[in-house]
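Residue numbers (my numbering), protein chains in the order written: chain A, 17 to 492; chain B, 942 to 1430. Cβ atoms here follow ideal geometry from the backbone N, Cα and C, with glycine treated the same way. Worksheet for the structure shown next.
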């Protein structure tokens, strides 16, 4: 029997507000345990939450970027459950009236467009972090994360494969980064993905029993966990078994999912409206203000960059992968560089240097104008492409401009025919045997002679002019 | 014979301190002596902050010596209910689960009173987590009614009411979720006002039911209530539900004139449920208002009969969440025998909370649980709206509503503790005001034959504390009712 997977994703995004969602504590991930805490996020008796407006702004921005409707009127609710990492033993979240609902995200899988429905995006507070491996068998709770602003983005069950899930996550992460609302670092938990996975015989309407895979700390983990879960469920069904509705964890080391908690024992969260907070009223003016502040989003920017600079779809895609890279590229182009050549130098040479040194484009010491200048120097024939690669390497390390490096090292290409002709004549005089062989019809010797001239000029000879002159001189 | 300092009003004390007729230190020492004299019988105070109070008073006197202007409550001795978060002393909520808890911060109202140069004498008793109407639920001690030491002071702010009545402090702060300021004020014969929900910041009030709780003062005069409210009210950025409205000078509203004021009497409040003697006192009090020029009209609250049911669904639902944090993980009592996290929760809560608190947590958990939410919590919210609408309609016909505060005067210890429903009925006239988020006041209106105070309750439109205080003040002036010092003196 052939099976089709039905997958819905729940993604928790840590919103990068400077303060927590209900208090003024800092949100720095790297702070020592329990230093970013106050009576409010610790849930001390008598404290009250006050909603961070920046959280609402950024959540509305995400909602709009995901084509969602923004609720004119929404509220926060209490989700009751007991856990030592939950200061109040209830989490302030949104239940029946999420801030954003009913949107979609367009993705591309194997060149074909797919539309993934977005059910909702709602605001909530993060929990603290438990550590169970302390000395003396003790457990500890770090409340730094408690109260960090979280946006939970839930899709419709529209995803059909691990590949689509991966494409969805990539596109979502790209949008979040374009919006600048999260650093989306999975290792640090600022982006956490859970997948609800079920399978059904191909062609069947009704959904199968789903499992929920949690605690996946990387994109590739999500990808592998979904694939594993699809084949596991297929195996269960083929062998006549039943898939149990449960929460499963992902063991990255062994590459398997494992049962964590049966749904039967799931909590009754006893949601009810949070009485300590007033309703959230996002009027048209507010929504409009956020809409106007939205940056150009990835799909639109890719299309524009492709046509405006005459790039290939592939290059445009690479350049607009991140907002920072696209900004960098457009700054290079604006500085007067040939757009296609600039794209090449950025996506091949500079990208390689960045990858090797594990740097982000935002940390790069080569200013966009400096890269533009380098491209222009190649164009004008002042330096060769080969020289340019070395110069770029220097620029990357020192932060100097191309012109400065060229001047420092006397690297200007020799394009003066008179000067070159003189060197060529000297080289030919020093290699009479090779000249003889060439004239006897052994064309290959030309390469050797070019090399000798290059050596004599320390590589500065303009190759085109050198070639022409050498053939002239060798002509009988 | 001149009135001793401990029976003078807060207004008189602060005027004397401001005029340097007396020092804050003298006032403080006097009241500490008074506490030493009577609190062994009244048991209103749970903590006495002798050193801090004298230091606070000395700071006020120093300010006066430097010629700086003193705050509106200069030198006024204040008692704070056990559930107000204070850096000084403990914040126990009269519960075993917080018996050693020290708050790392001060409640907004505490900061405001301190900034107004008031002096905190300590904390006063209450029913555990403000759940109760007699202060018999306190795990610390049993507070007595200064009018009859065999009788309860009311609750849950019983300590606040008894302390003011017994002359141990001029002003105390209470909290009112379903009548917890007004009912003990009535039973002890003092003035208690529950401001409009949102008028006073709840930041630092350990929550019982967030959508109903409100902090308010208990005082010996209406003027003192107005004076204290001036300091307490106003928008607090720490409380999202606090109202961003200007705060008038409430003492200026006490004009003594209520001519043309329309006073509504709810038919549903004058039934057999109202004890004959209380009824007589309240009707006499209404007559006083009539003589003052008020026009008496009849109003109706068709949904009043559901108020207690609605209240006990909403307040327990909210309490079940609000009290979830008391789990023994980070502060307060933790059961020593627990061997797992779950066991710790169960044992800590079973032993840390008293029976009334456990009853309400269980009830609240039940009404919110899936399958029952719609039938109980949601339905209660809808009826709450209808109750509010009753008030809106009544306030089209009148400016204030008058009626009894409590159906009966104070009762003897133990007479109602075995029957929760009977105890819940003590708040029958006060609960609707919380459900409708209105301001309400209770003022003394005489003594019963057995020498126990009766109280008149008045209610006004949201944020119209001015009219409420004006009417109450007028009654206070015209009635000639001065209960005088209770027998404890």
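message: I'd like to check one pair, residue 1426(B) with residue 1046(B): are the Cβ atoms closer than 7 Å?
response: no
- request: Determine whether the Cβ of residue 156(A) lies closer than 7 Å to any Cβ atom of chain B.
  value: no
field: CB contact flag (residue 1022(B), residue 1153(B), <7 Å)
entry: no
message: Does residue 310(A) pass the burial test, meaning 16 or more other C-beta atoms within 10 Å, or should it be called exposed?
response: exposed
- request: Would you list the residues sitting across from residue 1366(B) in a DSSP beta bridge?
  value: Bridge partners of residue 1366(B): none, in fact.
- request: Verify whether the separation of the beta carbon atoms of residue 178(A) and residue 235(A) is less than 7 Å.
  value: no
query: From the beta carbon of residue 66(A), is the nearest beta carbon of chain B less than 7 Å away?
result: yes
- prompt: So, do the region 1243 to 1261 of chain B and the region 1148 to 1164 of chain B have three or more beta carbon pairs nearer to each other than 8 Å?
  reply: yes
- prompt: Any idea which residues DSSP pairs residue 1400(B) with across the strands?
  reply: 1342(B), 1381(B)
- request: Would you list the residues sitting across from residue 1240(B) in a DSSP beta bridge?
  value: 1207(B)
task: For residue 1045(B), go through chain A and note every residue whose CB falls closer than 7 Å to its CB, in chain order.
output: 55, 60
- prompt: How would you call residue 104(A), buried or exposed, if buried means at least 16 neighbouring beta carbons within 10 angstroms?
  reply: buried
task: Go ahead and pull the three-state DSSP assignment for residue 121(A).
output: strand
field: Residues near residue 121(A) by beta carbon distance below 7 Å, same chain, minus five either side
entry: 82, 132, 134, 184, 187, 188
task: Using 10 angstroms around the beta-carbon of residue 906(B), count the other beta-carbons present and answer buried if the total reaches 16, otherwise exposed.
output: Missing from the structure shown is residue 906(B); chain B here goes from 942 to 1430 and no further.
- prompt: Along the region 1176 to 1208 of chain B, what residues have a CB closer than 8 Å to any CB found in chain A?
  reply: 1178, 1179, 1180, 1181, 1182
task: Determine which residues share a DSSP beta bridge with residue 266(A) and list them.
output: 273(A)
- prompt: Beta-carbon of residue 1325(B) versus every beta-carbon of chain A: anything under 7 Å?
  reply: no
Counted within 10 angstroms of its Cβ, other Cβ atoms place residue 377(A) as buried (16 or more) or exposed: buried
- prompt: Could one say the Cβ of residue 104(A) lies closer than 7 Å to chain B's Cβ atoms, at least one of them?
  reply: yes
query: Terminal residues of the continuous alpha helix (DSSP H) containing residue 367(A)?
result: 367 to 373
query: residue 397(A) to residue 470(A), Cα distance in whole Å?
result: 16 Å
- prompt: How many Å lie between residue 1289(B) and residue 1277(B) at the Cα?
  reply: 8 Å
field: Other residues of its chain near residue 345(A): CB distance less than 6 Å, five sequence neighbours each side excluded
entry: 335, 362
- prompt: Across which residues does DSSP place residue 209(A) in a beta bridge pair?
  reply: 27(A), 232(A)
- request: Mind listing the chain A neighbours of residue 1145(B)? Cutoff is C-beta to C-beta under 7 Å, in chain order.
  value: 62
query: Checking contacts by CB at 7 Å: is residue 1253(B) closer than that to chain A?
result: no
query: Helix, strand or coil for residue 458(A) per DSSP?
result: coil
query: Going by beta carbon distance, what residues of the same chain come within less than 6 Å of residue 1241(B), once the five residues before and after it are set aside?
result: 1208
- request: Please report how far the alpha carbon of residue 478(A) lies from the alpha carbon of residue 439(A), in whole angstroms.
  value: 13 Å
message: Between residue 1286(B) and chain A, is any beta-carbon pair separated by less than 7 Å?
response: yes
query: Closest to residue 1161(B) by CA distance: which of 969(B), 1167(B), 1131(B) is it?
result: 1131(B)
message: Distance cutoff 7 Å, beta carbons only. Does residue 49(A) sit that close to anything in chain B?
response: no
message: On a Cα-Cα basis, can you pick out the residue from 41(A), 87(A), 18(A) that is closest to residue 300(A)?
response: 87(A)
Residue 130(A) at chain B interface by Cβ criterion, 7 Å: no
task: Output yes or no for whether 7 Å exceeds the beta carbon distance between residue 1396(B) and residue 1370(B).
output: no
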